[in-house]
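Report on one structure; see the data block that follows.
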Amino acid sequence: MGSARILAVDDERDTCEALAEMLTAWGHKVETAFDAHDALRKAGEFRPDVVLSDLAMPETDGLGLLRALRDELPDCPVVLLTGHGTITAAVEAIREGAYDFIVKPLDTARLKVCIDRALEKKETMREVQGLRRRLKQLGSSDFIGQSASMRKVFELIEKVAPSKASVAISGESGTGKEVVARSIHNLSQRRDKPFVAINCASIPATLIESEIFGHEKGAFTGADQRRPGVFELAHGGTLFLDELGEIPIELQAKLLRVLEESRLRRLGGKVELEVDVRVLCATNRDLKKEIEAKRFREDLYFRLNVFQIALPPLRERRDDVPILVQHFVEKFRGDSAKRVTGVHPDAMETLKNHEWPGNIRELRNAVERAVILCDGELIMREHLPPDMAGKSPERHTFRLPYGLSLDAVEREYILGSLQRNGNNKARTAEVLGVSEKTLYNKLNRYAAEARQQGGKEQGNTLSHGGPSLGSTPEIR
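Numbers in the numbering used here are just positions in the sequence shown, counted from 1, shifted up by 303.
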């Protein structure tokens, strides 16, 4: 990191001045204070980027100064310097919001790394504030990133949003494809009209035509009233078709006709209706391979793929992790009335090094969990999910009762796999070797069976700790 403003605080004048001399030699601008009262006054005038304070001082100690600075300079990292006899107090100070502590006599290399990390944290918080201003323009609350790949995504969104072009959004599950779609809508001239999103993988094959195009009363068994489809609901606005590749090949021609003519006919209907809809789509599938396999129409592909936006997985933009973490900390702190202000450096390193198979969705869940568990001001490693915090994950075993049906064994295996993959359905389907459509259908069937049994099987799960039938939501 470059030059910074540092306030050095120690009641031992010689020690404080020696520290200031070393910091100045490193290129920093330094102010000194010899008690907490003087430090607080100078902090208001000097506006330091980092405060280095001795913990054990007469009258008001470093912990008291930390609490006072929290009100005066809430975004300023405070590093405490402590003797061997006060390490316990220093650890408590960490929980109160100190950025870190260093044991005396000072290890200069350790001090330098600590200052650099503290400055990085301050810069991260500044970037989060700047990004929030931009997010208000994008109309999204969780779409954050400063990496080169994400800056490119933001630029593409801003360029394509004012146009009428169809946009194909690609990326792994949890990368924020629907968030991109909403951002495009919110920056377009259609922003005051409806935004309708539909996940094509979650709709049974027998109902998908009705969901998309609507149906008339009596069109099929159970159609006791007219129902508009998503095209009608999105009239004048934007329709987002997630998991587009799951639309059956026999319906793709009808979809193409609507896109080309802006007219549709409800299932069982005789009258053609005009619709004005901008269509955005997303898929996890390789549609070019689907075209080769005759499962997707090439003409529909080119009609929808006018403009492409590819979202990188989180593991390929690790520099964005601290910014995302801080954003979610502030979001969930407000939701839960917690006093958490940030993340300890060790915990942040753990988060940065995680592979994030569930991408931003998994990170969001991990931070929400940590905020709930944290009683202090900094999230520690022990607040992270067990597989991240270095704890041995639970062994997943199946103790099957004698006479259990093959269907029940399959159900338990699927629910257990879903839990082990952080509820990431795309990854679970990949692990199980089935399509997402198949997985969604099975989960919906399990939920329906649970409702029919009136929740009798709640809690009757096997020892792998998977969700019970009663807790399995229907996927819509």
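By construction, the Cβ of each residue, glycine as well, lies at the ideal position given by its N, Cα and C atoms.
Please read these numbers as outputs of a predicted model, since none were measured by experiment.
- Query: What do you get for V312, buried or exposed, if any count of 16 or more other CB atoms within 10 angstroms of its CB means buried?
  - Reply: As a first step, residue 312 is located in the sequence shown; it is residue number 9 there, counting from the start. Buried is the call here.
- Message: I need the straight-line Cα distance from P615 to V580, nearest angstrom please.
- Response: As a first step, residue 615 is located in the sequence shown; it is residue number 312 there, counting from the start. As a first step, residue 580 is located in the sequence shown; it is residue number 277 there, counting from the start. Take the alpha-carbon of P615 and the one of V580: they are about 28 Å apart.
- Take L742 as the anchor and find which of K728, R667, F349 has the nearest alpha-carbon. Locating residue 742 in the sequence shown gives position 439, counting from the first residue. It is K728.
- Message: So, under 8 Å CB-CB, L570 and I501 are touching, yes? Tell me the CB distance rounded to an integer number of Å.
- Response: Along the sequence shown, read from residue 1 onward, the residue named residue 570 stands at position 267. Along the sequence shown, read from residue 1 onward, the residue named residue 501 stands at position 198. Rounded, the Cβ-Cβ distance is 16 Å, inconsistent with contact.
- Take R618 and list the residues in its own chain whose beta-carbon comes closer than 6 Å to its own, dropping the five residues that flank it on each side. As a working note, residue 618 is residue 315 in the sequence shown. Cβ-Cβ distances below 6 Å link R618 to E658, W659 in the same chain, with the five nearest sequence neighbours on each side left out; the list follows chain order.
- Between I487 and K480, which are expected to be in contact by the criterion C-beta below 8 Å, what is the C-beta distance as a whole number of angstroms? By 1-based counting over the sequence shown, the position of residue 487 is 184. By 1-based counting over the sequence shown, the position of residue 480 is 177. Incorrect: roughly 11 Å between the Cβ atoms, too far for contact.
- Item | Unbroken alpha helix (DSSP H) run spanning N608, endpoints | By 1-based counting over the sequence shown, the position of residue 608 is 305. Segment: none, N608 is in no alpha helix (DSSP H) and carries neither H nor E.
- DSSP state of T653 mapped onto helix, strand, coil: Numbered from 1 along the sequence shown, position 350 holds the residue referred to as residue 653. In this structure, DSSP gives T653 a helical state, which the three-state scheme calls helix.
- Query: What are the boundary residues of the beta strand (DSSP E) that includes F543?
  - Reply: On the sequence shown, position 240 is the one that residue 543 refers to. For F543, the enclosing beta strand (DSSP E) begins and ends at 541-545.
- Check A311 in the structure and name its three-state DSSP category. The residue you call residue 311 lines up with position 8 of the sequence shown. Shown here, A311 sits in a strand according to DSSP, grouped into three states.
- Per-residue DSSP class, three states only, for K573: Residue 573 sits at position 270 when you count from the first residue of the sequence shown. Coil.
- Thinking just about the alpha-carbon of each residue, which of I447, P551, P688 is nearest to the one in M428? Numbered from 1 along the sequence shown, position 125 holds the residue referred to as residue 428. For the residues I447, P551, P688, the minimum Cα distance to M428 belongs to I447.
- Closest to S639 by CA distance: which of L666, I626, G719, V674 is it? One-based indexing of the sequence shown puts residue 639 at position 336. The option with the nearest alpha carbon to S639 is V674.
- Message: Check whether the stretch 368-388 and the stretch 401-410 touch, using three or more Cβ-Cβ pairs below 8 Å as the test.
- Response: Taking 8 Å as the limit for Cβ pairs, the verdict is that the stretch 401-410 does touch the stretch 368-388.
- Item | Cβ neighbours of T731 in the same chain (closer than 7 Å, five flanking residues each side left out) | Position 428 of the sequence shown holds residue 731. Within the same chain, Cβ atoms closer than 7 Å to the Cβ of T731 are found at S720, L721, N724, L742, the five residues on either side in sequence being excluded.
- Task: Compute the distance between the beta-carbons of V643 and L607, then report whether it is under 8 Å.
- Result: Mapped onto the sequence shown, residue 643 falls at position 340. Mapped onto the sequence shown, residue 607 falls at position 304. V643 places its beta carbon 8 Å or farther from that of L607.
- Message: Looking at the secondary structure, which residues open and close the beta strand (DSSP E) in which S476 lies?
- Response: Walking along the sequence shown from the start, residue 476 turns up at place 173. Boundaries cannot be given for S476, as no beta strand (DSSP E) includes it and DSSP labels it neither H nor E.
- Query: Nearest to P507 by alpha carbon, out of Q755, R754, E739, A753?
  - Reply: Working through the sequence shown from its first residue, we reach residue 507 at position 204. The shortest C-alpha separation from P507 is found at E739.
- Item | Residue nearest to D854 in terms of C-alpha spacing, selected from I682, R316, A669 | Only positions 304 to 779 of the chain appear in the structure, and residue 854 is not among them; the question remains open.
- Task: Output the boundary residues of the beta strand (DSSP E) element that contains F404.
- Result: The count along the sequence shown starts at 1 and reaches residue 404 at position 101. Going by DSSP, F404 is part of the beta strand (DSSP E) stretching over 403-406.
- Task: Report the residue ranges of all beta strand (DSSP E) runs contained in full by the stretch 494-560; include only those spanning at least 3 residues, in chain order.
- Result: If only complete runs of 3 or more residues are kept, the stretch 494-560 shows the beta strand (DSSP E) at 498-502, 541-545, in order along the chain.
- Item | Residue range of the alpha helix (DSSP H) that includes V578 | Residue 578 sits at position 275 when you count from the first residue of the sequence shown. Per DSSP, V578 lies in no alpha helix (DSSP H) segment and is marked neither H nor E.
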